[in-house]
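Asks: Residue numbers (the UniProt record's numbering): 1 to 250.
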Amino acid sequence: MNSVIEIEDLHYRYERETVLKDINISVPEGAFLALVGPNGSGKSTLLKLILGLLRPKQGRIKLFGEPIQQFKAWEKIGYVSQKSNSFNSAFPATVFEVVKSGLTKKTGMFKFIPASKKKDIIQAIASVGMEQYIHRNIGELSGGQQQRVFIARALVSEPKILILDEPTVGVDQHNVQNFYDMLHMLNKEKGITLVLVTHDIGTVTNNVTHVACLNRELHFHGNTDEFEKFNDQEVSSLYGHDVHVLHHEH
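Next up, the structure:
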């Protein structure tokens, strides 16, 4: 199976502080990868490197087999940041308008978006189960509903990879599993490779295919069944504090 993200011997420093050391990760096409680790473990820095926002100090990153320095097809990668950092929910825009703004990656900021694209916008909204709210103002929605809209905004440009940074922040616990069910559908039915950044190990292991555990160094990278063989004490040693892993029946 082809790898859509390949990271080899990656190191990164901020001035004198080493944030990432000797990272090797391969993400196969169609995977659902959870990138887990404690606060300050380098998860956000690794995301910025994959998205081309930072340049590697040492090591290599390839996207779809191409060195990141030459990669130009950024429309293939969708990104959803934490809701609180990604959008001003008080902005007077409808769900349709917010999702429509995701087309600017393909069309350019000020280029006219043709009417034929309306179908793509509606389809992206439907894929996250928000079609009944299509004309609702974004500020009137719950945190979980807003996050679904931001995912639709990323999906409208038809990415091959969707990267989500702590997507359940602001989603009430009752709706977290519904949210993961939606991500599972996008992964299995639409074939989108998902990279989910989270520290919520207990919930995530029942929903993803692969786990990478990061704490400046890569302590584990493999499929979910292998990760679930770790006991709480072993995972806690990686995190530097007590962590409870929920083991699920598949």
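We treat Cβ as the ideally placed atom computed from N, Cα and C, and that holds for glycine.
Sort D200, H174, V4, L46 by Cα distance to I23 and report the nearest one.
Replies: To locate residue 23, count along the sequence shown from 1; it is residue 23. Comparing Cα-Cα distances from I23 to each of D200, H174, V4, L46, the minimum goes to L46.
Asks: For Q233, which residues from the same chain have a beta carbon less than 8 Å from its beta carbon, with the 5 sequence-adjacent residues on both sides left out?
Replies: Residue mapping note: residue 233 aligns to position 233 of the sequence shown, counting from 1. Correct list: empty, nothing qualifies.
Asks: Cα separation between S3 and L164?
Replies: The sequence position of residue 3 within the sequence shown is 3, counting from 1. The sequence position of residue 164 within the sequence shown is 164, counting from 1. Between S3 and L164, the C-alpha separation is close to 18 Å.
Asks: Quick check on the burial criterion: 16 or more other C-beta atoms within 10 angstroms. Buried or exposed for N207?
Replies: As a first step, residue 207 is located in the sequence shown; it is residue number 207 there, counting from the start. Buried: at least 16 other Cβ atoms inside 10 Å.
Asks: How would you write the range of the beta strand (DSSP E) that F150 sits in, first residue to last?
Replies: Within the sequence shown, residue 150 is the residue found at index 150, counting from 1. Premise fails: F150 lies in the alpha helix (DSSP H), 143-155, not in any beta strand (DSSP E).
Asks: Can you give me the start and stop residues for the beta strand (DSSP E) that E8 sits inside?
Replies: Within the sequence shown, numbered from 1, the residue matching residue 8 stands at position 8. Unbroken beta strand (DSSP E) run through E8: 3-14.
Asks: Which one of R13, E66, P159 has the shortest CA to CA distance from G42?
Replies: Residue numbering aside, residue 42 sits at position 42 when the sequence shown is read from its first letter. For the residues R13, E66, P159, the minimum Cα distance to G42 belongs to R13.
Asks: From G37 to F150, what distance separates their C-alpha atoms?
Replies: Here residue 37 corresponds to residue number 37 of the sequence shown, with the count starting at 1. Here residue 150 corresponds to residue number 150 of the sequence shown, with the count starting at 1. Approximately 24 Å, taken between the alpha carbons.
Asks: Look up H219 in the DSSP assignment and say whether it is helix, strand or coil.
Replies: By 1-based counting over the sequence shown, the position of residue 219 is 219. Note: H219 maps to strand in three-state DSSP.
Asks: Between S116 and W74, what straight-line distance do the alpha-carbon atoms span, to the nearest angstrom?
Replies: In the sequence shown, counting from the first residue as 1, residue 116 sits at position 116. In the sequence shown, counting from the first residue as 1, residue 74 sits at position 74. Near 22 Å, if we compare the C-alpha coordinates of W74 and S116.
Asks: M185 to V19, Cα distance in whole Å?
Replies: By one-based count along the sequence shown, residue 185 stands at place 185. By one-based count along the sequence shown, residue 19 stands at place 19. Rounded to whole angstroms, M185 to V19 spans 34 Å at the Cα level.
Asks: From which residue to which residue does the beta strand (DSSP E) around Q58 run?
Replies: Residue 58 sits at position 58 when you count from the first residue of the sequence shown. First-last of the beta strand (DSSP E) with Q58: 58-63.
Asks: Can you pull the DSSP bridge partners for Y79?
Replies: Along the sequence shown, read from residue 1 onward, the residue named residue 79 stands at position 79. Paired residue(s): I163.
Asks: Three or more C-beta pairs closer than 8 Å, one from the region 94-104 and one from the region 134-154: is that the case here?
Replies: At 8 Å Cβ cutoff, the stretches touch.
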